[in-house]
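Under my numbering, residues 321 to 974 are what the sequence shown spells out, in order. Data first, discussion second: the structure below is written as structure tokens.
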Amino acid sequence: MHIRFGYKQFIVCAFAPFTASSPSMRFSHVCLALCLACVAGLTGCNLFSKRDGVTSGYWLPLAARLRLDSSMTNAVLDYQDACGQPKTFQISAQLKEALTRRVGTVFERLQTDGSGPLAKPPDGYVDVALGFKEMELFGVRKGKRTYPATISLGTDFSFIDTNGAVLHQKKLQAVAKGDVETDNDSCDVRGLEKVAEDAIAKLAEGVAVQLGGATKIRELAQAAKGASRSTGTAIEAAPPPSVQALPASPTARSVEESSGPTKLSFRAIIRDENRNQVLEQQETVAIEIEVKNEGQSSAKGVTVSISGTPAVIAKFPDSVEIGDLQPGEIKRVTSSATLAAINDVEQAELVLSLHASSPSVQIPPAKKFLVAIRPDKGEEVEVLSVDVDQLPKAGKGLLQPKAVGVAIGVGSFREESVPRVKFAARDAEIMAGYFKTVSGIPVNRVRLLVDRHALKDDLAEVFEEWLPKQVDPSAPVLIYFSGRAIVDATTGAVSLVPFDGTTSTAARLYSLRRLQGALTRSAAQRAIIILEVSLEPSPGADPGQSAAPVWDGAESEPGKERILWLVGNRLHQEAHAYEQGRHGLFTYHVFKGLRGAADVDHDGMVIAGELCAYVGSQVQTVAKKEFGNAQEPVCVPSAGQGVPVRILPLAKVK
């Protein structure tokens, strides 16, 4: 027989008096064996299964209808294949299947679109929308290799009873990591399905755990079943591993906690027709808007006004009607228009503002989008867009067939105690692209290392074995590193923290002096080292008493230096992550400078000295404005010392 306690089921074998040869004894032996097997491995015993092989569930005595938002039913992940071409990966079917299966273990009856009517009206509705979604592939290119991949999925879901009361609301984020493969014969990236499957499974599990453990939903189930068959006291369930519970809005409360004014929230996405992230005249542009009532009273006459640069908004309506919103209700609208004439390449603004006619409604701040616009997509125009990830076409800039490039990004670490560095891997991946397209380095002479492929031994192999074999005295070496670095408190010597490194011991670090020694022993005559690093003193040292970082090491005689150091931080400090540009603040402006912003004399060429001056000025200005503190880059050797490496060309922009 089965006895149910809370969420667990236990099997009890009843033993009748028996003799050695009786059927009762044989039955008891079988029952005992089953009990022992299930106790030894609860999760693998079929006697604990409920439906379709699912081994855990809540089976609340409720009928629910699962309503998936269009963001779920049309969900895709964007990525670039091994040939650098944009691709999409459909996940809508997997999301629907996983959510239907897992949410189906929460309720006794579940209805989905197309599944036919329930025997009786539902007791409530489960609304699920897809929020943040991202696939990160680091440096994928043709060749028989394995690369790390990360997929992040976020969801905003709620349970609403038949009276429109929000009984439970939550935001979750699930992250899955794995490996993908490429080969020499095609552009395909294999293995995406498994990583996506893991992320979707974690997301669905998180939704089920939250719904099944929600106090208000269990109280509704208890009322439906009757006090005599109570399901017991419920506890607010924690999300499973790798699913992060995100804080809900302070005003997204259950119905009996109503207080204060109604609060609206909204989000918006701009989609251009050819998806190149640049708006061109006569191109159709869509603004997708989602508005949510997070309060406990209705909001009347909700609209979204559109303003900004005339060339962008000329053919859009002044406002878009959303209508009335009930508590917990979400409405989505799309407004499309063809852009008017655009006279010049420029940066434009699009501003969306929310309004409501009913009183006591809290309105969120307006959303401001910066977009790049240009007259004609057929024109060969380099657009200085906020999106610096849009690489120029190869062959349009410098051609340096004998140059060498190394890009390294370490944002996660094997030791969990080492703080992560946001955007580090992304920084390195895009920098490798700049080395190839902007600086004109051949693909086979650029090495990219990110995260777990950037061990200390990997750095040693690249700098001390691979690089010396590639170096030509007539061509430059470009090296980029994004991540963490430790400064020796006594000498000021700087060491990089690789993926397997730790901040507690120098034995697992890679020193810049070791890198400089490798360059000195090679045939390299000119090298640029660009460092986006968060600097901290060696463990136990007092930052106020520690030696300042030393960047130039034991160089050759003044005026004949072969290495230029362009570093994001002069002193001990965390490097700023620039959310708007989705890169480190320093690296973002390095990209902007290489695209032409650093060409001070307008001769069509960006040289190392110009890049130093531009990045130093911009980073200090933006850090003070956006973050309220200082971040001062440093360039060694400095200007005015007659150092030939400072006039090394890095990009051709005309």
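Here a beta-carbon is modelled for each residue, glycine too, at the ideal position from N, C-alpha and C. Keep in mind it's a predicted model, so treat the numbers as computed, not measured.
Between P442 and A485, is the Cβ-Cβ spacing less than 7 Å? Counted from its first residue, the sequence shown places residue 442 at position 122. Counted from its first residue, the sequence shown places residue 485 at position 165. Result no, Cβ atoms of P442 and A485 do not sit closer than 7 Å.
Report all residues from its chain with a CB closer than 7 Å to the CB of N504; omit the five preceding and five following residues, and keep chain order. Against the sequence shown, residue 504 aligns to sequence position 184. The answer, listed in chain order, is K462, G463, K464.
How many Å lie between V509 and T757 at the Cα? Counting from 1 along the sequence shown, the entry for residue 509 is found at position 189. Counting from 1 along the sequence shown, the entry for residue 757 is found at position 437. V509 and T757: Cα-Cα distance of roughly 22 Å.
Which residue or residues does DSSP assign as beta-bridge partners of Q682? Indexing the sequence shown from 1 puts residue 682 at position 362. According to DSSP, Q682 bridges with K583.
Count the other C-beta atoms from every protein chain shown that fall within 10 angstroms of the C-beta of F427, then say buried if there are 16 or more, exposed otherwise. Numbered from 1 along the sequence shown, position 107 holds the residue referred to as residue 427. Buried: at least 16 other Cβ atoms inside 10 Å.
With DSSP as the reference, label T822 as helix, strand or coil. One-based indexing of the sequence shown puts residue 822 at position 502. Correct three-state label for T822: coil.
For the putative contact between D592 and L599, defined by C-beta atoms under 8 Å, what is the C-beta separation to the nearest angstrom? For this step, residue 592 is matched to residue 272 along the sequence shown. For this step, residue 599 is matched to residue 279 along the sequence shown. Indeed, because the Cβ distance is near 6 Å, the residues count as touching under 8 Å.
Could you check which residue in D747, V730, R746 has the C-alpha nearest to that of P739? As a working mapping, residue 739 is identified with position 419 in the sequence shown. Comparing Cα positions, the closest option is V730.
Three-state class that DSSP yields for T907 in the structure shown: Along the sequence shown, one-based indexing puts residue 907 at 587. Note: T907 maps to helix in three-state DSSP.
When P695, G864, K612 are compared against L674, the one with the closest alpha-carbon: Here residue 674 refers to the residue found at position 354 when the sequence shown is read from its first residue. Checked all of P695, G864, K612; the closest Cα to L674 is K612.
Between V797 and P964, what straight-line distance do the alpha-carbon atoms span, to the nearest angstrom? Stepping through the sequence shown from its first residue, residue 797 is reached at position 477. Stepping through the sequence shown from its first residue, residue 964 is reached at position 644. Going from the Cα of V797 to the Cα of P964 covers about 14 Å.
Spatial distance of V624 from L659 (CA atoms): Taking the first residue of the sequence shown as 1, we reach residue 624 at position 304. Taking the first residue of the sequence shown as 1, we reach residue 659 at position 339. About 19 Å.
Compare the C-alpha of K536 against each of L473, A631, L382, A469 and name the closest. Taking the sequence shown and counting its residues from 1, one reaches residue 536 at position 216. Comparing Cα positions, the closest option is L382.
Let's test the definition: count the other Cβ atoms within 10 Å of the Cβ of E735 and tell me whether it reaches 16, buried, or not, exposed. Mapped onto the sequence shown, residue 735 falls at position 415. So E735 counts as exposed.
Would a C-beta distance cut-off of 7 Å place G870 and G812 closer than the cut-off? Translated into positions along the sequence shown, residue 870 becomes position 550. Translated into positions along the sequence shown, residue 812 becomes position 492. Sequence inspection shows Val at residue 870; the Gly mentioned does not correspond to that position. Cβ atoms of V870 and G812: closer than 7 Å.
Tell me which same chain residues have a C-beta within less than 6 Å of the C-beta of T339, skipping the five on either side of it? Translated into the one-based positions of the sequence shown, residue 339 becomes position 19. A caution first: T339 carries a pLDDT of 39, below 50, which makes its placement in the model too unreliable to give a value.
Classify N989 as helix, strand or coil using the three-state DSSP reduction. No information on residue 989 is available, as it lies outside the stretch 321 to 974 that the chain covers here.
Using 8 Å for Cβ pairs, my map puts H892 next to V939. What's the rounded Cβ distance? Against the sequence shown, residue 892 aligns to sequence position 572. Against the sequence shown, residue 939 aligns to sequence position 619. At roughly 16 Å, the Cβ-Cβ gap does not stay under 8 Å, so H892 and V939 are not in contact.
Can you grab the Cα-Cα spacing for the pair L487 / V448, in whole Å? On the sequence shown, position 167 is the one that residue 487 refers to. On the sequence shown, position 128 is the one that residue 448 refers to. For L487 and V448, the distance between alpha carbons rounds to 14 Å.
How is Y467 classed by DSSP in three states: helix, strand or coil? Along the sequence shown, one-based indexing puts residue 467 at 147. In this structure, Y467 counts as strand in the three-state DSSP scheme.
Those residues which DSSP pairs with V409 across a bridge: In the sequence shown, the residue the question calls residue 409 occupies position 89. The residue you asked about is not Val; residue 409 is Phe in the sequence shown. Answer by DSSP bridge pairing, in chain order: L397.
Proximity winner among A528, R746, F755, relative to L718 (alpha-carbon distances): As a first step, residue 718 must be located in the sequence shown, where it is residue number 398. The shortest Cα separation from L718 among A528, R746, F755 belongs to F755.
By DSSP, does Q720 sit in helix, in strand, or in coil? The count along the sequence shown starts at 1 and reaches residue 720 at position 400. Q720 falls in the coil class under three-state DSSP.
Check E417 in the structure and name its three-state DSSP category. Taking the sequence shown and counting its residues from 1, one reaches residue 417 at position 97. Helix at E417.
On the DSSP bridge assignment, give the partners of P969 in chain order. As a working note, residue 969 is residue 649 in the sequence shown. In the DSSP output, where bridge partners are listed per residue, P969 has I927.
Going by alpha carbons, who is nearest to P953 out of V681, R833, F906, Y830? Translated into the one-based positions of the sequence shown, residue 953 becomes position 633. Nearest of V681, R833, F906, Y830 to P953, Cα basis: F906.
Just to confirm, is the Cβ distance from A541 to L380 under 7 Å? Counting from one through the sequence shown, the residue named residue 541 turns up at place 221. Counting from one through the sequence shown, the residue named residue 380 turns up at place 60. Yes, these two residues count as a Cβ contact at 7 Å.
Can you name, in chain order, every residue of its own chain whose Cβ lies under 8 Å from the Cβ of L968, other than the five neighbours on each side? Position 648 of the sequence shown holds residue 968. Excluding residues within five positions, the ones whose Cβ falls inside 8 Å are P796, R846, I848, L884, I927, A928.
Starting from I520, trace the alpha helix (DSSP H) in both directions and tell me its first and last residue. In the sequence shown, the residue the question calls residue 520 occupies position 200. Here the alpha helix (DSSP H) through I520 covers 512 to 533.
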